[in-house]
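Read in order, the letters of the sequence shown correspond to residues 15 to 428 in our numbering.
Quick reminder that beta carbons are idealized off the backbone N, C-alpha and C, glycines included.
What follows is a short report on a single structure.
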Amino acid sequence: MTRQNRTVQPIAVVIGVSVACLLIGTVGALAGVTDGQHGELTEQWHSDTAVSLAGNHHTPATDGGRVFLPVSGAEDSAECRLVAVSASDGTTEWEAGIDPQVCTIHGISDVSVERVDGDTRVLAGSTENAVVAYDPETGAAKQRYPIDSYGYAAPIKATITGNEPELLLADGTGSLYLYSIDGERQWQYTIDGYMQADPIVSDLTGDGESNILATTIRGSMVLLNSSGERIWERQHETPVYSMTTMSTPGNSAATIVLGQSDGSVTAVSAQTGDTVWNHSVGSAANVGPVFDGTGDGVSELFVTTRGGGIAAIDSETQETKWRQHLTENPVQVVPPAAAADVTGDGETELVVTTHTNQVVVINPSDGSVMATYEREKDVRIYASPTLLDTSDDGVFDVYVMYADGVTVALTYTE
């Protein structure tokens, strides 16, 4: 495979965005989406988890041998459940359901798998207003963490207040919670609005202490210290659907980058909360990974747009380095791209899903399409692709949650 040489230095990974109607502006096209392809995305398996509700948009996780699927379903049904399937062939190993009376489109949240003191736990929130830690082998509930509303974002394990690992949880209506692993609530903070982007936990201000960053679709954004106290809070005029962070040369504090409904890609100082720059890509934007994909020594911010587009934006000058159009079909939702080595060549590729049943692998050096996949059954995709190395060989497979609750496992081949 001939590709432009580049040094890949990942800086940040987008924290999710899902089913909201993202009114995202169309970008310009390069060649047709199938022009110049030299690989294939081959389906390895698809899960036996189809439901009657065509609105699934949460993402799975893995412990290596299993993939854990968050399946939501119709109201007052038994369709809402966490399902463990074999990573090798997709066969169901166990299911953990919730009360049918609270089964909804947000029945099960994004999933995470965390290891604490040798004990692996599968963590997922639900409309039972709790995050539950499950045994990965049996699906038995090991610990329950109450929250005030339904779970949405993936639970995050981090050492925030001291030397022991803790869990940061977020519910769908704007509350953040810090819990000890054994279930003691440390603090709670509520921000105005519905949180669609996953919170970020990191030393964002550069002082050696952990910070928690959260945004809402009402445009609210807050940075907290490890005690859950507000460092700063800002109100943006338009909803925030996605966010990521990146480093800036000569600055120990991170730069926060927001994707907003009016097409703004907005960079914000983590130190002060003030806007550093603003760049428009159309009617809306969804920010994704940040790394040097073109090999010129400067990181790009990869932004997906309505109409099926993706663009590489120079992180220093905001110049558009390339644009690619992914589909000729009407597209309302293009979730943030994901990035990892899916080809096994030691390089990082971009993987994008579109509203219109497409999964696309893109060369980040120039935006060329390397492979595409369309499921035989025409079902929409509302979630970003999940890239998982289930075989622990450094090569990532692509897992896609479709709106009907079915997850498809894909492998890149020449």
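Assign residue 368 to one of two classes, buried (16 or more other C-beta atoms within 10 Å of its C-beta) or exposed (fewer than that). Along the sequence shown, one-based indexing puts residue 368 at 354. With 16 or more other Cβ atoms inside 10 Å of its own Cβ, residue 368 counts as buried.
Work out the CA separation of residue 321 and residue 278 for me, nearest whole Å. The count along the sequence shown starts at 1 and reaches residue 278 at position 264. The count along the sequence shown starts at 1 and reaches residue 321 at position 307. Rounded to the nearest angstrom, the gap between the Cα atoms of residue 278 and residue 321 is 16 Å.
Pull up the CB-CB distance for residue 365 and residue 317, whole angstroms please, since I reckon it's below 8 Å. Numbered from 1 along the sequence shown, position 351 holds the residue referred to as residue 365. Numbered from 1 along the sequence shown, position 303 holds the residue referred to as residue 317. No, residue 365 and residue 317 are not in contact; Cβ-Cβ is about 15 Å, not under 8 Å.
Based on Cα-Cα distance, which residue from 204, 302, 127 lies nearest to residue 161? Taking the sequence shown and counting its residues from 1, the one referred to as residue 161 is at position 147. With distances taken between Cα atoms, residue 161 lies closest to 204.
Note down, in chain order, each residue of its chain lying with its Cβ closer than 6 Å to the Cβ of residue 109, except the 5 sequence neighbours on either side. Within the sequence shown, numbered from 1, the residue matching residue 109 stands at position 95. Closer than 6 Å at Cβ, skipping near neighbours: 95, 97.
Could you compute how far the alpha carbon of residue 71 sits from the alpha carbon of residue 314? For this step, residue 71 is matched to residue 57 along the sequence shown. For this step, residue 314 is matched to residue 300 along the sequence shown. In a straight line, the C-alpha of residue 71 is about 27 Å away from that of residue 314.
For the beta strand (DSSP E) that residue 292 lies in, which residues bound it at each end? The residue labelled residue 292 in the question sits at position 278 within the sequence shown. Residue 292: member of the beta strand (DSSP E) spanning 289 to 294, first to last residue.
Three Cβ pairs or more, each shorter than 8 Å: is that satisfied between the segment 328 to 339 and the segment 394 to 410? Taking 8 Å as the limit for Cβ pairs, the verdict is that the segment 394 to 410 does not touch the segment 328 to 339.
Cβ pair residue 387, residue 55 closer than 9 Å: By one-based count along the sequence shown, residue 387 stands at place 373. By one-based count along the sequence shown, residue 55 stands at place 41. Between residue 387 and residue 55, the CB-CB gap stays under 9 Å.
Proximity of residue 147 and residue 155 at Cβ, strictly below 9 Å: Translated into the one-based positions of the sequence shown, residue 147 becomes position 133. Translated into the one-based positions of the sequence shown, residue 155 becomes position 141. One thing to note: residue 147 has its Cβ within 9 Å of the Cβ of residue 155.
Start-to-end residues for the beta strand (DSSP E) that takes in residue 415: Within the sequence shown, numbered from 1, the residue matching residue 415 stands at position 401. Residue 415 -> beta strand (DSSP E) spans 411 to 415.
Candidates 100, 241, 115: which alpha carbon is nearest residue 92's? Position 78 of the sequence shown, counted from the start, is the residue given in the question as residue 92. Of the candidates 100, 241, 115, the residue whose Cα lies closest to the Cα of residue 92 is 115.
Using 10 angstroms around the beta-carbon of residue 372, count the other beta-carbons present and answer buried if the total reaches 16, otherwise exposed. Counting from one through the sequence shown, the residue named residue 372 turns up at place 358. Under the 10 Å beta carbon count, residue 372 is surrounded by 16 or more other beta carbons and is classified as buried.
Beta-carbon within less than 7 Å of residue 128's beta-carbon, same chain only, minus the 5 sequence neighbours each way: which residues are those? Residue mapping note: residue 128 aligns to position 114 of the sequence shown, counting from 1. Taking residue 128 as the centre and dropping the five residues before and after it, the same chain places the C-beta of 135, 137, 171 closer than 7 Å to its C-beta, in chain order.
Alpha-carbon spacing of residue 304 relative to residue 268, whole angstroms: Walking along the sequence shown from the start, residue 304 turns up at place 290. Walking along the sequence shown from the start, residue 268 turns up at place 254. If you take the alpha carbons of residue 304 and residue 268, they lie about 12 Å apart.
Can you name, in chain order, every residue of its own chain whose Cβ lies under 8 Å from the Cβ of residue 112, other than the five neighbours on each side? In the sequence shown, the residue the question calls residue 112 occupies position 98. A distance below 8 Å between beta-carbons, with the five flanking residues on each side excluded, links residue 112 to the following residues of its chain, in chain order: 94, 95, 121, 122, 140, 141, 142.
Give a yes or no on whether the C-beta atoms belonging to residue 345 and residue 426 are separated by under 9 Å. Here the question's residue 345 lines up with position 331 in the sequence shown. Here the question's residue 426 lines up with position 412 in the sequence shown. The answer is no: Cβ separation not under 9 Å.
If we call anything under 9 Å between Cβ atoms a contact, is residue 163 one with residue 206? Here residue 163 refers to the residue found at position 149 of the sequence shown. Here residue 206 refers to the residue found at position 192 of the sequence shown. Contact flag unset, no.
Look up residue 114 in the DSSP assignment and say whether it is helix, strand or coil. Counting from 1 along the sequence shown, the entry for residue 114 is found at position 100. Annotated three-state conformation of residue 114 is helix, per DSSP.
If you run the structure through DSSP and keep just helix, strand and coil, what is residue 227? Here the question's residue 227 lines up with position 213 in the sequence shown. Note: residue 227 maps to strand in three-state DSSP.
So what does DSSP say about residue 378, is it helix, strand or coil? By one-based count along the sequence shown, residue 378 stands at place 364. Of the three classes helix, strand and coil, the one that applies to residue 378 here is coil, per DSSP.
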